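J.: Supplied in structure tokens, the structure appears directly below.
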Amino acid sequence: MIKKIFIFISFIFILIIGLWHIVISNELLHNIVKNYLKSKNLELECKGFHKGLFYKLNIDQIKIKKNKNTLFFCQNFSIYLN
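Using my numbering, the first residue of the sequence shown is number 1387, and each one after it goes up by one.
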């Protein structure tokens, strides 16, 4: 019985991690953020956008601009999604 519970819990864990890495692509996340900022008349520039384990996003360089003026600039940006 304990073996079956362990297998079930392992399956759920692998399913959740698999959804993050396979179903939700880097491009999808990037486009969601970019389109949101575009609706607010802001422009997003990202270099090195990639996902880490357990819902972590890493961006090597991020710029947010309005009318070609840089409003926000950050290097080595990391965020965890809850």
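Glycine residues also receive a C-beta, built at the ideal position from the N, C-alpha and C atoms. None of the values given here were measured: they were computed from a predicted structure.
Thinking C-alpha only, which one of Lys1433, Ser1425, Phe1459, Phe1397 is nearest Glu1413?
T.: To locate residue 1413, count along the sequence shown from 1; it is residue 27. Of the listed residues, the one whose Cα sits closest to Glu1413 is Lys1433.
J.: Could you tell me the alpha carbon to alpha carbon distance between His1416 and Phe1399, rounded to whole angstroms?
T.: Start at 1 with the first residue of the sequence shown, and residue 1416 comes out as number 30. Start at 1 with the first residue of the sequence shown, and residue 1399 comes out as number 13. C-alpha separation (whole angstroms): 25 angstroms.
J.: What does the alpha-carbon distance come out to for the pair Leu1428 and Phe1440?
T.: Taking the sequence shown and counting its residues from 1, one reaches residue 1428 at position 42. Taking the sequence shown and counting its residues from 1, one reaches residue 1440 at position 54. Their Cα atoms are separated by approximately 29 angstroms.
J.: In three-state DSSP terms, what is Asn1455?
T.: Numbered from 1 along the sequence shown, position 69 holds the residue referred to as residue 1455. Strand at Asn1455.
J.: Quick check on DSSP: helix, strand or coil for Phe1394?
T.: Taking the sequence shown and counting its residues from 1, the one referred to as residue 1394 is at position 8. Helix.
J.: Output needed for Phe1459: all residues of its chain with C-beta closer than 6 angstroms, excluding positions within five of it in sequence on either side, in chain order.
T.: The residue labelled residue 1459 in the question sits at position 73 within the sequence shown. Same-chain partners within the cutoff: Lys1449.
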